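**Student:** Shown below is the structure under consideration.
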Amino acid sequence: MDPAHAAFTGKAVWVGPAARDFTGELTGHRARLRTLTQRIVEELEDELRATPEKAARSSATW
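Taking my numbering, the leading residue of the sequence shown gets 2, the next gets one more, and so forth.
Below is the structure:
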């Protein structure tokens, strides 16, 4: 989303009320996506930290 956001906020590629509304929505979606992505990364990091580095051979059977 960053390239699209940069195009719409960096220069006048589309102007008018509809363009402003679209840019606002795009900015909101981009912010939400970043927040959710960060939350996913944090949860994965928490899971990895909670996982032992080594497991006993008996518990590692498939």
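Cβ atoms here follow ideal geometry from the backbone N, Cα and C, with glycine treated the same way. If you're wondering where the values come from, they're calculated on a predicted model, not measured in any experiment.
My output table needs one value for E54: the three-state DSSP class, helix, strand or coil.
**Tutor:** Locating residue 54 in the sequence shown gives position 53, where the first residue counts as 1. In this structure, E54 counts as coil in the three-state DSSP scheme.
**Student:** Pull up the distance between the alpha-carbon of P4 and that of T52, whole angstroms please.
**Tutor:** Indexing the sequence shown from 1 puts residue 4 at position 3. Indexing the sequence shown from 1 puts residue 52 at position 51. If you take the alpha carbons of P4 and T52, they lie about 36 Å apart.
**Student:** Alpha carbon to alpha carbon, what distance is there between R31 and W15?
**Tutor:** Position 14 of the sequence shown, counted from the first residue, corresponds to residue 15. Position 30 of the sequence shown, counted from the first residue, corresponds to residue 31. Spanning the two alpha carbons is a distance of roughly 18 Å.
**Student:** With a threshold of 6 Å on Cβ separation, who are the neighbours of R33 within its own chain once the five nearest residues in sequence on each side are excluded?
**Tutor:** Mapped onto the sequence shown, residue 33 falls at position 32. No residues qualify anywhere along the chain.
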